[in-house]
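Residue numbers (my numbering): 541 to 886. Every residue, glycine too, gets a C-beta built ideally from N, C-alpha and C.
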(Lines of atoms letter the chains of each structure in order from A and count residues from 1; the text may use other names and numbers.)
(Lines give C-alpha, C1' and ligand atoms only; values in the text may rest on other atoms or scores of the structure.)
Protein backbone atom coordinates (compact mmCIF):
# COMPACT_ATOMS: atom_id res chain seq x y z
CA UNK A 1 0.00 0.00 0.00
CA UNK A 2 0.89 3.70 -0.41
CA UNK A 3 3.25 2.79 -3.25
CA UNK A 4 2.18 5.79 -5.31
CA UNK A 5 1.38 8.39 -2.67
CA UNK A 6 3.69 11.41 -2.91
CA UNK A 7 2.41 14.05 -0.47
CA UNK A 8 5.47 16.23 -1.11
CA UNK A 9 4.05 16.89 -4.59
CA UNK A 10 0.93 18.58 -3.20
CA UNK A 11 1.13 22.26 -4.14
CA UNK A 12 -0.35 24.77 -1.71
CA UNK A 13 0.20 27.82 -3.90
CA UNK A 14 -1.74 26.82 -6.99
CA UNK A 15 -5.27 27.49 -8.33
CA UNK A 16 -6.09 23.78 -8.08
CA UNK A 17 -7.59 23.07 -4.63
CA UNK A 18 -5.60 20.80 -2.32
CA UNK A 19 -8.51 18.37 -1.96
CA UNK A 20 -8.61 17.98 -5.77
CA UNK A 21 -4.88 17.19 -5.84
CA UNK A 22 -5.31 14.64 -3.05
CA UNK A 23 -8.29 13.10 -4.88
CA UNK A 24 -6.27 12.62 -8.07
CA UNK A 25 -3.34 11.14 -6.15
CA UNK A 26 -5.56 8.72 -4.22
CA UNK A 27 -7.27 7.69 -7.45
CA UNK A 28 -3.85 6.91 -8.89
CA UNK A 29 -3.10 4.89 -5.76
CA UNK A 30 -6.30 2.87 -6.17
CA UNK A 31 -5.78 2.25 -9.88
CA UNK A 32 -2.13 1.25 -9.66
CA UNK A 33 -1.87 -0.16 -6.14
CA UNK A 34 -2.33 -3.81 -5.24
CA UNK A 35 -5.78 -3.50 -3.67
CA UNK A 36 -8.54 -6.10 -3.41
CA UNK A 37 -12.29 -5.55 -3.32
CA UNK A 38 -13.42 -5.17 0.29
CA UNK A 39 -9.98 -4.23 1.56
CA UNK A 40 -9.90 -1.53 4.21
CA UNK A 41 -8.41 1.73 2.97
CA UNK A 42 -6.56 4.46 4.87
CA UNK A 43 -8.60 6.13 7.60
CA UNK A 44 -9.36 9.84 7.52
CA UNK A 45 -6.88 10.43 10.33
CA UNK A 46 -4.14 8.41 8.61
CA UNK A 47 -4.63 10.43 5.42
CA UNK A 48 -4.61 13.62 7.50
CA UNK A 49 -1.20 12.59 8.89
CA UNK A 50 0.15 11.65 5.45
CA UNK A 51 -0.90 14.90 3.80
CA UNK A 52 -0.55 17.15 6.86
CA UNK A 53 -3.81 18.92 6.15
CA UNK A 54 -7.22 19.38 7.73
CA UNK A 55 -9.75 16.55 8.10
CA UNK A 56 -12.35 18.45 6.06
CA UNK A 57 -9.91 18.63 3.13
CA UNK A 58 -9.35 14.85 3.33
CA UNK A 59 -13.11 14.29 3.61
CA UNK A 60 -13.71 16.32 0.41
CA UNK A 61 -11.19 14.21 -1.51
CA UNK A 62 -12.58 10.91 -0.19
CA UNK A 63 -16.14 11.92 -1.02
CA UNK A 64 -15.12 12.32 -4.68
CA UNK A 65 -13.64 8.81 -4.66
CA UNK A 66 -16.85 7.46 -3.14
CA UNK A 67 -18.82 9.29 -5.83
CA UNK A 68 -16.65 7.77 -8.56
CA UNK A 69 -17.07 4.24 -7.23
CA UNK A 70 -13.55 3.63 -5.96
CA UNK A 71 -14.39 3.58 -2.26
CA UNK A 72 -17.34 3.04 0.04
CA UNK A 73 -17.89 4.23 3.61
CA UNK A 74 -19.31 1.77 6.14
CA UNK A 75 -20.91 3.21 9.25
CA UNK A 76 -18.84 2.76 12.42
CA UNK A 77 -16.35 0.66 10.43
CA UNK A 78 -14.27 2.72 8.02
CA UNK A 79 -13.49 3.21 4.32
CA UNK A 80 -13.25 0.20 1.99
CA UNK A 81 -12.09 -0.43 -1.57
CA UNK A 82 -14.73 -1.47 -4.11
CA UNK A 83 -14.87 -2.49 -7.79
CA UNK A 84 -11.15 -3.13 -8.02
CA UNK A 85 -11.74 -6.30 -10.03
CA UNK A 86 -12.55 -4.10 -13.04
CA UNK A 87 -9.34 -2.07 -12.90
CA UNK A 88 -6.09 -2.95 -14.61
CA UNK A 89 -2.69 -2.62 -12.96
CA UNK A 90 -1.35 -0.52 -15.80
CA UNK A 91 2.01 1.10 -15.05
CA UNK A 92 3.23 1.96 -18.54
CA UNK A 93 0.87 2.71 -21.38
CA UNK A 94 2.12 1.76 -24.85
CA UNK A 95 0.84 3.71 -27.88
CA UNK A 96 1.62 2.45 -31.37
CA UNK A 97 0.73 3.82 -34.80
CA UNK A 98 1.13 1.16 -37.51
CA UNK A 99 1.12 3.39 -40.56
CA UNK A 100 3.41 4.95 -43.15
CA UNK A 101 1.48 8.24 -43.07
CA UNK A 102 2.34 9.03 -39.46
CA UNK A 103 1.79 12.75 -40.07
CA UNK A 104 -1.97 12.21 -40.09
CA UNK A 105 -3.55 14.68 -37.60
CA UNK A 106 -5.80 11.93 -36.23
CA UNK A 107 -2.81 10.02 -34.82
CA UNK A 108 -1.21 13.03 -33.19
CA UNK A 109 -4.40 14.27 -31.57
CA UNK A 110 -5.00 10.81 -30.10
CA UNK A 111 -1.51 11.13 -28.62
CA UNK A 112 -2.33 14.53 -27.10
CA UNK A 113 -5.43 13.05 -25.47
CA UNK A 114 -3.40 10.14 -24.13
CA UNK A 115 -0.75 12.44 -22.67
CA UNK A 116 -3.37 14.56 -20.89
CA UNK A 117 -5.17 11.53 -19.46
CA UNK A 118 -1.98 9.69 -18.49
CA UNK A 119 -0.83 12.70 -16.47
CA UNK A 120 -3.92 12.39 -14.27
CA UNK A 121 -2.86 8.90 -13.20
CA UNK A 122 0.91 9.44 -13.13
CA UNK A 123 1.40 6.91 -15.94
CA UNK A 124 4.35 6.78 -18.32
CA UNK A 125 3.50 6.81 -22.02
CA UNK A 126 5.73 4.86 -24.42
CA UNK A 127 5.17 5.86 -28.05
CA UNK A 128 6.10 4.36 -31.42
CA UNK A 129 5.21 5.47 -34.98
CA UNK A 130 6.01 3.25 -37.96
CA UNK A 131 4.74 0.41 -40.13
CA UNK A 132 7.51 -2.20 -39.65
CA UNK A 133 5.72 -5.04 -37.87
CA UNK A 134 8.78 -7.02 -36.87
CA UNK A 135 10.29 -3.92 -35.30
CA UNK A 136 6.99 -3.21 -33.55
CA UNK A 137 6.95 -6.68 -31.99
CA UNK A 138 10.51 -6.19 -30.74
CA UNK A 139 9.60 -2.76 -29.36
CA UNK A 140 6.40 -3.86 -27.62
CA UNK A 141 7.70 -5.52 -24.45
CA UNK A 142 5.11 -4.87 -21.75
CA UNK A 143 5.43 -5.92 -18.14
CA UNK A 144 2.55 -7.83 -16.51
CA UNK A 145 -0.48 -5.57 -16.17
CA UNK A 146 0.59 -3.04 -18.82
CA UNK A 147 -1.52 -2.41 -21.89
CA UNK A 148 -1.48 -1.20 -25.49
CA UNK A 149 -3.41 1.46 -27.41
CA UNK A 150 -2.95 0.93 -31.14
CA UNK A 151 -4.12 2.50 -34.40
CA UNK A 152 -3.08 2.74 -38.06
CA UNK A 153 -3.04 -0.06 -40.63
CA UNK A 154 -4.17 -3.04 -38.58
CA UNK A 155 -5.29 -6.59 -39.23
CA UNK A 156 -6.17 -9.63 -37.14
CA UNK A 157 -2.67 -11.10 -37.21
CA UNK A 158 -0.92 -8.07 -35.69
CA UNK A 159 -3.65 -7.63 -33.07
CA UNK A 160 -3.49 -11.31 -32.14
CA UNK A 161 0.30 -11.17 -31.75
CA UNK A 162 0.17 -7.96 -29.71
CA UNK A 163 -2.68 -9.28 -27.57
CA UNK A 164 -0.69 -12.36 -26.64
CA UNK A 165 2.00 -10.09 -25.18
CA UNK A 166 -0.36 -8.07 -22.96
CA UNK A 167 -3.05 -10.60 -22.07
CA UNK A 168 -5.41 -8.81 -24.48
CA UNK A 169 -5.32 -5.62 -22.40
CA UNK A 170 -5.53 -3.60 -25.60
CA UNK A 171 -7.63 -0.81 -27.09
CA UNK A 172 -7.89 -0.32 -30.85
CA UNK A 173 -8.64 3.24 -32.02
CA UNK A 174 -10.16 3.87 -35.44
CA UNK A 175 -12.85 2.52 -37.72
CA UNK A 176 -12.03 -1.12 -38.43
CA UNK A 177 -14.08 -4.18 -39.33
CA UNK A 178 -11.98 -6.38 -37.05
CA UNK A 179 -13.43 -8.30 -34.13
CA UNK A 180 -11.42 -9.64 -31.21
CA UNK A 181 -10.90 -9.72 -27.48
CA UNK A 182 -10.06 -6.02 -27.16
CA UNK A 183 -11.73 -2.68 -26.54
CA UNK A 184 -12.49 -0.42 -29.48
CA UNK A 185 -12.88 3.37 -29.84
CA UNK A 186 -14.47 4.40 -33.15
CA UNK A 187 -15.96 7.47 -34.80
CA UNK A 188 -19.73 7.43 -35.26
CA UNK A 189 -19.85 9.02 -38.70
CA UNK A 190 -22.66 7.41 -40.72
CA UNK A 191 -25.57 9.71 -39.89
CA UNK A 192 -23.46 12.87 -40.22
CA UNK A 193 -22.17 11.86 -43.66
CA UNK A 194 -25.70 11.19 -44.88
CA UNK A 195 -26.93 14.48 -43.43
CA UNK A 196 -24.14 16.37 -45.20
CA UNK A 197 -25.05 14.74 -48.53
CA UNK A 198 -28.70 15.66 -48.04
CA UNK A 199 -27.64 19.28 -47.44
CA UNK A 200 -25.67 19.23 -50.68
CA UNK A 201 -28.67 17.84 -52.57
CA UNK A 202 -30.87 20.63 -51.19
CA UNK A 203 -28.30 23.03 -52.67
CA UNK A 204 -28.98 21.40 -56.07
CA UNK A 205 -25.82 19.26 -56.20
CA UNK A 206 -26.25 16.35 -58.61
CA UNK A 207 -22.70 15.19 -59.36
CA UNK A 208 -20.97 13.75 -56.30
CA UNK A 209 -17.33 12.73 -55.90
CA UNK A 210 -15.20 11.31 -53.07
CA UNK A 211 -11.46 11.71 -52.49
CA UNK A 212 -9.88 9.38 -49.93
CA UNK A 213 -6.64 7.55 -49.29
CA UNK A 214 -6.39 3.79 -49.67
CA UNK A 215 -9.81 2.30 -50.41
CA UNK A 216 -8.71 -0.77 -48.44
CA UNK A 217 -9.16 1.04 -45.12
CA UNK A 218 -12.56 0.59 -43.52
CA UNK A 219 -13.28 4.29 -43.12
CA UNK A 220 -12.56 4.98 -46.82
CA UNK A 221 -14.68 1.99 -47.82
CA UNK A 222 -17.51 3.15 -45.55
CA UNK A 223 -17.44 6.70 -46.94
CA UNK A 224 -17.54 5.41 -50.50
CA UNK A 225 -20.37 3.00 -49.72
CA UNK A 226 -22.49 5.69 -48.06
CA UNK A 227 -22.02 8.21 -50.89
CA UNK A 228 -22.50 5.62 -53.64
CA UNK A 229 -25.70 4.34 -52.00
CA UNK A 230 -27.00 7.89 -51.62
CA UNK A 231 -26.29 8.71 -55.28
CA UNK A 232 -27.79 5.46 -56.52
CA UNK A 233 -30.97 6.02 -54.53
CA UNK A 234 -31.34 9.57 -55.85
CA UNK A 235 -30.06 8.83 -59.37
CA UNK A 236 -27.14 11.25 -58.99
CA UNK A 237 -23.82 10.88 -60.81
CA UNK A 238 -20.99 9.49 -58.67
CA UNK A 239 -17.22 9.05 -58.94
CA UNK A 240 -14.60 8.08 -56.36
CA UNK A 241 -10.89 8.86 -56.36
CA UNK A 242 -8.34 6.77 -54.49
CA UNK A 243 -5.31 9.01 -53.88
CA UNK A 244 -2.98 6.94 -51.72
CA UNK A 245 -1.09 9.91 -50.30
CA UNK A 246 -4.38 11.83 -49.85
CA UNK A 247 -3.11 14.60 -52.11
CA UNK A 248 -6.22 16.71 -52.63
CA UNK A 249 -4.78 18.71 -55.52
CA UNK A 250 -4.04 15.52 -57.47
CA UNK A 251 -7.47 14.16 -56.59
CA UNK A 252 -9.25 17.24 -57.93
CA UNK A 253 -7.16 17.11 -61.10
CA UNK A 254 -8.37 13.55 -61.67
CA UNK A 255 -11.97 14.82 -61.38
CA UNK A 256 -11.53 17.54 -64.01
CA UNK A 257 -13.47 15.74 -66.74
CA UNK A 258 -16.18 14.55 -64.32
CA UNK A 259 -16.90 18.12 -63.14
CA UNK A 260 -18.43 17.37 -59.73
CA UNK A 261 -20.57 19.95 -57.98
CA UNK A 262 -20.07 18.22 -54.60
CA UNK A 263 -16.82 16.67 -53.30
CA UNK A 264 -16.47 14.83 -49.98
CA UNK A 265 -12.83 14.50 -49.00
CA UNK A 266 -10.81 13.29 -46.04
CA UNK A 267 -8.96 15.81 -43.85
CA UNK A 268 -5.36 15.35 -45.15
CA UNK A 269 -6.61 16.11 -48.68
CA UNK A 270 -8.26 19.40 -47.81
CA UNK A 271 -5.33 21.80 -48.15
CA UNK A 272 -4.57 20.46 -51.64
CA UNK A 273 -8.22 20.70 -52.67
CA UNK A 274 -8.36 24.30 -51.50
CA UNK A 275 -5.19 25.11 -53.43
CA UNK A 276 -6.81 23.62 -56.55
CA UNK A 277 -9.98 25.65 -55.98
CA UNK A 278 -8.02 28.90 -55.73
CA UNK A 279 -5.85 28.14 -58.75
CA UNK A 280 -8.91 27.38 -60.89
CA UNK A 281 -11.05 30.27 -59.55
CA UNK A 282 -13.64 27.90 -58.12
CA UNK A 283 -15.86 29.01 -55.26
CA UNK A 284 -17.40 26.99 -52.46
CA UNK A 285 -20.30 26.27 -52.34
CA UNK A 286 -21.33 28.00 -55.59
CA UNK A 287 -19.07 26.00 -57.93
CA UNK A 288 -18.14 23.02 -55.74
CA UNK A 289 -19.88 22.10 -52.49
CA UNK A 290 -17.00 20.82 -50.34
CA UNK A 291 -17.60 18.40 -47.45
CA UNK A 292 -14.51 18.23 -45.24
CA UNK A 293 -14.47 14.92 -43.37
CA UNK A 294 -12.43 14.59 -40.18
CA UNK A 295 -11.49 18.19 -39.36
CA UNK A 296 -10.14 18.36 -35.84
CA UNK A 297 -12.46 20.44 -33.69
CA UNK A 298 -9.63 22.64 -32.36
CA UNK A 299 -7.84 23.08 -35.69
CA UNK A 300 -8.53 26.51 -37.16
CA UNK A 301 -6.39 26.14 -40.29
CA UNK A 302 -8.60 26.79 -43.32
CA UNK A 303 -11.63 26.72 -41.02
CA UNK A 304 -14.87 27.73 -42.70
CA UNK A 305 -13.57 27.15 -46.23
CA UNK A 306 -15.71 24.04 -46.80
CA UNK A 307 -19.49 24.16 -47.10
CA UNK A 308 -19.70 21.52 -44.38
CA UNK A 309 -17.09 20.42 -41.86
CA UNK A 310 -17.56 17.02 -40.25
CA UNK A 311 -15.56 17.61 -37.08
CA UNK A 312 -14.01 15.17 -34.66
CA UNK A 313 -12.11 15.60 -31.43
CA UNK A 314 -9.43 12.93 -31.59
CA UNK A 315 -8.17 13.97 -28.16
CA UNK A 316 -11.42 12.47 -26.89
CA UNK A 317 -10.53 9.23 -28.68
CA UNK A 318 -7.21 9.15 -26.81
CA UNK A 319 -8.71 9.98 -23.41
CA UNK A 320 -11.49 7.43 -23.88
CA UNK A 321 -9.01 4.75 -24.95
CA UNK A 322 -6.89 5.21 -21.81
CA UNK A 323 -9.93 5.18 -19.54
CA UNK A 324 -11.01 1.91 -21.17
CA UNK A 325 -7.51 0.45 -20.88
CA UNK A 326 -7.43 1.08 -17.13
CA UNK A 327 -10.63 -0.95 -16.80
CA UNK A 328 -9.50 -3.61 -19.28
CA UNK A 329 -12.71 -2.85 -21.18
CA UNK A 330 -13.74 -4.94 -24.18
CA UNK A 331 -16.57 -2.60 -25.18
CA UNK A 332 -17.03 -0.54 -28.36
CA UNK A 333 -17.13 3.19 -27.60
CA UNK A 334 -18.39 5.44 -30.41
CA UNK A 335 -17.27 9.09 -30.38
CA UNK A 336 -19.77 11.40 -32.05
CA UNK A 337 -18.91 13.72 -34.94
CA UNK A 338 -20.22 17.27 -35.25
CA UNK A 339 -21.63 18.73 -38.44
CA UNK A 340 -20.78 22.40 -38.92
CA UNK A 341 -22.37 24.31 -41.82
CA UNK A 342 -20.70 27.24 -43.56
CA UNK A 343 -23.24 28.11 -46.23
CA UNK A 344 -26.47 30.08 -46.37
CA UNK A 345 -29.52 27.83 -46.63
CA UNK A 346 -32.13 28.96 -49.11
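Secondary structure in the segment 622-710: the alpha helix (DSSP H) runs of 4 residues or longer, each lying completely within the stretch, are 645-661, 673-679 and 696-705 in chain order. For residue 844, no pairing in a beta bridge is given by DSSP. Taken in chain order, the complete alpha helix (DSSP H) segments of 4 or more residues contained in the segment 805-832 are 810-819. The beta carbon of residue 691 lies closer than 6 Å to those of 637, 713 and 714 in the same chain, with the five residues before and after it left out. Here residue 554 is exposed. Its C-beta has fewer than 16 other C-beta atoms within 10 Å. When the beta-carbon positions are compared, residue 874 and residue 726 come within less than 7 Å of each other. With contacts defined by Cβ atoms closer than 7 Å, residue 834 and residue 809 do not form a contacting pair. Per DSSP, reduced to three states, the secondary structure at residue 802 is strand. For secondary structure counted as the beta strand (DSSP E) over 3 or more consecutive residues, the segment 741-803 holds these complete runs in sequence order: 747-752 and 777-782.
One thing to note: residue 747 has its Cβ within 7 Å of the Cβ of residue 801. Annotated three-state conformation of residue 620 is strand, per DSSP. Between the beta-carbon of residue 559 and that of residue 600 there is about 4 Å, and that keeps the pair under the 8 Å contact cut.
Taking residue 745 as reference, the option from 803, 579 and 707 with the minimal CA-CA separation is 803. Following the DSSP letters along the chain, one finds residue 723 inside the beta strand (DSSP E) bounded by residues 723-728. The C-beta separation of residue 778 from residue 765 comes to about 11 Å, leaving the pair out of contact by the 8 Å criterion.
Listed in chain order, the non-local C-beta contacts of residue 824 below 7 Å within the same chain comprise 817, 830, 845, 846 and 847, local neighbours out to five positions each way being set aside.
Linking residue 586 to residue 608 through their CA atoms gives a straight-line distance of about 21 Å. Each of 676, 821 and 562 was checked against the Cα of residue 588, and the nearest Cα belongs to 562. In the DSSP secondary-structure assignment, residue 852 is bridged to 836. Within 10 angstroms of the beta-carbon of residue 677 lie fewer than 16 other beta-carbons, which makes it exposed. For the options 642, 752 and 865, the alpha carbon positioned closest to that of residue 784 is the one of 752. Judged by pairs of C-beta atoms under 8 Å, the segment 651-658 touches the segment 850-868, as three or more such pairs exist. For residue 851, the closest alpha carbon among the candidates 699, 878 and 841 is that of 878.
Residue state for residue 576 is assigned as coil, using DSSP reduced to three classes. In the structure shown, residue 590 adopts helical secondary structure according to DSSP, grouped into three states.
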